[in-house]
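Colleague: Dropping the structure in here first, questions after.
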Amino acid sequence: MTSRFTELVVDCHDPQRLAAFWCEVLDFTVLDRSEGKVEIGSWEPTVEAVRAGQMPPTLVFIQVPEGKTVKNRLHLDVSPIDTSTGDEVARLLGLGATTVDVGQGPSRSWTVMADPEGNEFDVLRTLAPTTTGSPLQSQDPAQDPTAPGPVAAVN
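Residues are numbered in the working numbering as their position in the sequence shown, beginning at 1, plus a constant of 5.
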């Protein structure tokens, strides 16, 4: 007997706005929309597919009356796949994200950001290939925010 991780639910004020933001970030599509709820994902889940094996979970945005009051105890980490980390951070800022300081310090290889409702997430090292096939990075990893580094935990 086992269970599957099928959805990650995010409480929010405006499910439409947050779903649109995350669809742009992750290249997801809206799978379901109803009063006060929007579900997005990279695939259309079916009972058969979920029972057959673990698939990527969907994100479900649920409207709640209360606002976010403290730092998230769970957050998403994203890695750009076709650009540098710096370029991806700039793109996300243009979509409405902000950079935030949760005590991570200045010399980290990831960038802590928040979505339009203040939910923290990390932009990690790029996975974009270069002409040599390895991820984009500079010669000095200490000076390059796109350099591979440890997986961050925002506690």
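In this text, a Cβ means the ideal position worked out from N, Cα and C, and glycines have one as well.
1. Taking the alpha-carbon positions, what's the E12 to V65 distance?
2. Helix or strand or just coil, what does DSSP make of A102?
3. Can you tell me which of the three DSSP states D37 falls into?
4. Do you know how far the Cα of E125 is from the Cα of I67?
5. Going by the beta-carbon positions, is the gap between T116 and T135 smaller than 8 Å?
6. Return the chain-ordered list of same chain residues with a C-beta closer than 8 Å to the C-beta of V35, the five sequence neighbours on each side being excluded.
7. My understanding is that D87 touches A102, with C-beta atoms under 8 Å, so please give their C-beta distance in whole angstroms.
8. Are the CB atoms of A26 and L98 nearer to each other than 8 Å?
9. Please list, in chain order, all residues of the same chain as D37 whose beta carbon is under 8 Å from its beta carbon, the five residues on each side excluded.
Modeller: According to the structure shown:
1. Approximately 7 Å, taken between the alpha carbons.
2. In the three-state DSSP reduction, A102 falls in the coil class, being neither helix nor strand.
3. If DSSP states are grouped into helix, strand and coil, D37 belongs with the strands.
4. The straight-line gap from Cα to Cα measures roughly 17 Å.
5. The answer is no: Cβ separation not under 8 Å.
6. Within its own chain, the residues whose Cβ lies closer than 8 Å to the Cβ of V35, once the five positions on either side in sequence are excluded, are A24, C28, V43, E44 and I45, listed in chain order.
7. At roughly 18 Å, the Cβ-Cβ gap does not stay under 8 Å, so D87 and A102 are not in contact.
8. A quick correction: the sequence has Phe, not Ala, at residue 26. No, the pair does not count as a contact, with Cβ atoms beyond the cut-off.
9. V43 and E44, listed in sequence order.
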